[in-house]
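Participant: Residue numbers (my numbering): 45 to 249.
Using N, Cα and C, we set each Cβ at its ideal position, and we do this for glycine too.
Quick caveat: nothing in here was measured; it's all calculated off a predicted structure.
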Amino acid sequence: MKKNLLTLIVMLISIGGFTQKLKIDKGELKLDEKTIGFVEGKKPLFTIFSLDKSYSITAELKKAPNEDSMVLPWIEIKDEATGKSNELEFKNKSRKFSAFNYDRSIVYELLDRGMVGAEGLNKEAIESFINGESAGIAAKRLGVQGEIDNAGKIADTYQLAIDDYGTIFSIKAQNKDIDDKRIGFIRVTSPSQNGDLKYEVMEPR
C-alpha cells in the first residue's frame with residue numbers, strides 16, 4: 045500500500061514538473077520565465093512574433109452573429125507572409141481559458157498543438173497546419189447561424205404562429221375565407237435514435 049502511494053506521489057510530482065507556465069508581460073511572450081517571442085494587438089486580432097521577429101502569424105478571434113455568449117469563438121491563424129490561413133477551436137479547457145486573457149488563451153492552444161514550443165513559434169508545424177485540410181469552422185458555424193436567421197426572417201415575414209393543437213397560422217394566408225388564417229398543421233411523429241424529435245408538416249384540411 046505504501047509502495048503504491050509513493051508511486052502515485054512521484055507521478056504527480058513528475059506531471060507537475062512538466063507543467064509549463066505561460067505569461068505575456070508587456071508584449072513579451074514568456075514560457076517558464078524564458079522569453080520566446082512577442083505578442084501585439086488586442087481582441088479580436090493578435091500578432092505573434094518569433095523571438096527575432098523574422099516570422100509572425102496573426103490569430104484572429106471569430107464569432108457567428110447572434111451566437112450564444114457562452115459559445116467560445118474560433119481562431120483564424122494566418123501566415124503574415126503568404127496570407128494563407130486555417131481555423132481551430134478552443135479545445136483544451138484544462139488550460140484555464142480566460143475571456144480576460146484571450147491572447148494567453150490563444151498561445152496556450154497553440155502550445156498544446158505543438159505550434160509554439162520552448163523556442164517560440166514552430167514554423168514547420170504552423171505551415172503544416174495552415175497548408176493542411178481546411179477545418180471549415182467558419183462555414184459550419186456561419187452556415188448554421190444563417191439557417192437560423194433565415195427561419196427567423198420567414199417567420200417574421202409571414203407572421204407565423206402555432207396554437208396548442210399544432211395549427212399553423214399566418215396573417216398573410218390567402219384562403220377563400222378571409223377570416224381563415226390557417227396555412228397548415230404540424231405534429232410530432234416520433235423521436236429519432238439520437239433523441240431528437242421528428243416533425244411532420246401538413247397542408248390545411
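Give the straight-line distance between the Cα atoms of Thr126 and Ile230, rounded to the nearest whole angstrom.
Facilitator: Mapped onto the sequence shown, residue 126 falls at position 82. Mapped onto the sequence shown, residue 230 falls at position 186. The straight-line gap from Cα to Cα measures roughly 52 Å.
Participant: Quick check on Phe229: does DSSP put it in helix, strand or coil?
Facilitator: Against the sequence shown, residue 229 aligns to sequence position 185. Here Phe229 sits in strand by DSSP.
Participant: Identify, in the order they occur along the chain, each residue of the same chain with its Cβ nearer than 6 Å to the Cβ of Ser94, setting aside the five sequence neighbours on each side.
Facilitator: Position 50 of the sequence shown, counted from the first residue, corresponds to residue 94. So the qualifying residues of the chain are Gly81, Gly164, Leu165.
Participant: Taking the beta carbon of Leu154 as the centre, do at least 16 other beta carbons fall within 10 Å, making it buried, or is it exposed?
Facilitator: By 1-based counting over the sequence shown, the position of residue 154 is 110. Flag for Leu154 reads buried.
Participant: Does the Cβ of Ile57 have 16 or more other Cβ atoms within 10 Å, making it buried, or fewer, making it exposed?
Facilitator: Stepping through the sequence shown from its first residue, residue 57 is reached at position 13. Interpretation of Ile57 is limited by its pLDDT of 40, a score under 50 that renders its predicted location unreliable; no figure is taken from the coordinates.
Participant: Using CA coordinates, which residue listed in Arg226, Asn175, Gln218 is at the minimum distance from Asp207?
Facilitator: The sequence position of residue 207 within the sequence shown is 163, counting from 1. Closest option to Asp207, Cα to Cα, is Arg226.
Participant: Helix or strand or just coil, what does DSSP make of Leu155?
Facilitator: Taking the first residue of the sequence shown as 1, we reach residue 155 at position 111. Looking at Leu155 - three-state DSSP - the assignment turns out to be helix.
Participant: Using a Cβ-Cβ cutoff of less than 6 Å, which residues in the same chain neighbour Leu204 once the five nearest sequence positions on both sides are dropped?
Facilitator: As a first step, residue 204 is located in the sequence shown; it is residue number 160 there, counting from the start. Result list for Leu204: Ser214, in chain order.
Participant: Measuring only the C-alpha atoms, how far is Gly180 from Gln64?
Facilitator: Along the sequence shown, one-based indexing puts residue 180 at 136. Along the sequence shown, one-based indexing puts residue 64 at 20. Rounded to whole angstroms, Gly180 to Gln64 spans 30 Å at the Cα level.
Participant: Run through DSSP, which three-state label would Ser172 get?
Facilitator: The residue you call residue 172 lines up with position 128 of the sequence shown. Here Ser172 sits in helix by DSSP.
Participant: Can you list the beta strand (DSSP E) stretches of 3 or more residues lying completely in the segment 78 to 147, in chain order?
Facilitator: 78 to 86, 89 to 94, 100 to 106, 118 to 123, 129 to 133
Participant: Does the Cβ-Cβ distance between Lys128 and Ile170 come in under 7 Å?
Facilitator: The residue given as residue 128 occupies position 84 in the sequence shown. The residue given as residue 170 occupies position 126 in the sequence shown. No, the Cβ-Cβ distance between Lys128 and Ile170 is not below 7 Å.
Participant: Given Glu244, which residues of its chain have a CB within under 6 Å of its CB, disregarding the five upstream and five downstream residues?
Facilitator: In the sequence shown, the residue the question calls residue 244 occupies position 200. The residues are Arg231, Thr233.
Participant: In the DSSP assignment, find the beta strand (DSSP E) that holds Asp69 and state where it starts and stops.
Facilitator: Counting from 1 along the sequence shown, the entry for residue 69 is found at position 25. Unbroken beta strand (DSSP E) run through Asp69: 66 to 69.
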